[in-house]
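Residue numbers (this note's numbering): 1 to 201. The beta carbon of each residue, even a glycine, is placed where N, CA and C say it ideally should be. Remember, predicted model here, so these are calculated numbers, not experimental data. Working notes, structure below.
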C-alpha cells in the first residue's frame, strides 16, 4: 500500500513534534541542574547559619535544659550524659560522648557541630585565686585539701569533693593515694585522671 503525499506530511509533522518535545525536555533538565545545585548550596548555608546562631554547648557543664535542645537528644539521653559525667568524670574529647548509653555515631554526627569541651584547667586559669593556682601546679594533699581545692581535680565536682572530706572525717587520713577509690563516686576511671595530681602526707 503506497503512502500518499498527505500521509507523508502528517508523519513528518509528528516526527518533528516528537523531536522538538525531546529537545525541550533536554533543555529543561540542563537548566534545572544548576538550579538544584543552587538550592543545595542555599540549604547548606542555612544549616551552617543555624549552627553559628546556636551557641556551642560545653558538655562538661551543660545542664538538662540545655542538652535537650541538641538535635537527637531528648530528656532520657540528656540525663544519661549528666549521669556519665557524675559517675565517670569529665569528657576528655567530644568522641567520648558515644560511650553514653543511647548515643551512637549517628547521633554524634548530628550534635558534633554544637559541642565543645572546656575542662577544669581552662576555667581554673581565669577564675581561681593565686592559692588555687598553686594547688593546680603542685600536687594536692587529699588529707588537708579544702572543698575548693578538691573541686579543681578533673572529674571531681562539689559533690565528690564533699564525699572525700566526709570520708576523711569518718575514717581518718588517707594512707595511700589509691585509697581514695573507697570514696563513693570515685572509681578507677576518675582515679586514673587524678592520681598524678594528688598526694598523701
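Is residue i buried or exposed, if buried means 16 or more other CB atoms sit within 10 Å of its CB?
{"i": "residue 90", "result": "buried"}
{"i": "residue 60", "result": "buried"}
{"i": "residue 26", "result": "exposed"}
{"i": "residue 10", "result": "exposed"}
{"i": "residue 62", "result": "buried"}
{"i": "residue 99", "result": "exposed"}
{"i": "residue 106", "result": "exposed"}
{"i": "residue 234", "result": "As displayed, the chain neither begins before 1 nor continues past 201, which places residue 234 out of reach and without an answer."}
{"i": "residue 160", "result": "buried"}
{"i": "residue 17", "result": "exposed"}
{"i": "residue 198", "result": "buried"}
{"i": "residue 81", "result": "buried"}
{"i": "residue 20", "result": "exposed"}
{"i": "residue 12", "result": "exposed"}
Which first and last residues belong to the alpha helix (DSSP H) in which residue i is found?
{"i": "residue 147", "result": "147-150"}
{"i": "residue 193", "result": "188-194"}
{"i": "residue 113", "result": "Neither: residue 113 is in no alpha helix (DSSP H) and is coded neither H nor E."}
{"i": "residue 86", "result": "75-88"}
{"i": "residue 61", "result": "Looking at the DSSP string, residue 61 is not in any alpha helix (DSSP H), and its letter there is neither H nor E."}
{"i": "residue 166", "result": "158-171"}
Indicate whether at least one CB of chain C lies closer than 9 angstroms to the CB of residue i.
{"i": "residue 157", "result": "In summary, chain C is missing from the structure at hand, where a single protein chain is found."}
Measure the C-alpha to C-alpha separation of residue i and residue j and round it to an integer number of angstroms.
{"i": "residue 94", "j": "residue 142", "result": "30 angstroms"}
{"i": "residue 146", "j": "residue 165", "result": "8 angstroms"}
{"i": "residue 15", "j": "residue 29", "result": "21 angstroms"}
{"i": "residue 66", "j": "residue 23", "result": "55 angstroms"}
{"i": "residue 127", "j": "residue 194", "result": "Low confidence applies to residue 127: its pLDDT is 43, below 50, so where it sits in the model is not reliable enough to give any reading."}
{"i": "residue 140", "j": "residue 152", "result": "9 angstroms"}
{"i": "residue 170", "j": "residue 111", "result": "44 angstroms"}
{"i": "residue 70", "j": "residue 150", "result": "31 angstroms"}
{"i": "residue 88", "j": "residue 188", "result": "9 angstroms"}
{"i": "residue 72", "j": "residue 158", "result": "30 angstroms"}
{"i": "residue 178", "j": "residue 196", "result": "11 angstroms"}
{"i": "residue 180", "j": "residue 109", "result": "37 angstroms"}
{"i": "residue 184", "j": "residue 115", "result": "29 angstroms"}
{"i": "residue 58", "j": "residue 113", "result": "12 angstroms"}
Assuming residue i contacts residue j (C-beta within less than 8 angstroms), just tell me the rounded distance between them.
{"i": "residue 76", "j": "residue 102", "result": "7 angstroms"}
{"i": "residue 175", "j": "residue 200", "result": "7 angstroms"}
May I ask you to report which of helix, strand or coil DSSP gives residue i?
{"i": "residue 13", "result": "helix"}
{"i": "residue 181", "result": "helix"}
{"i": "residue 143", "result": "coil"}
{"i": "residue 221", "result": "As shown, the chain starts at 1 and ends at 201. That puts residue 221 outside it, with no answer to give."}
{"i": "residue 118", "result": "coil"}
{"i": "residue 200", "result": "coil"}
{"i": "residue 68", "result": "coil"}
Between residue i and the ligand FAD, is the CB less than 8 angstroms from at least one heavy atom?
{"i": "residue 110", "result": "Only the bare structure without any ligand can be found here, which leaves the ligand FAD out of the picture."}
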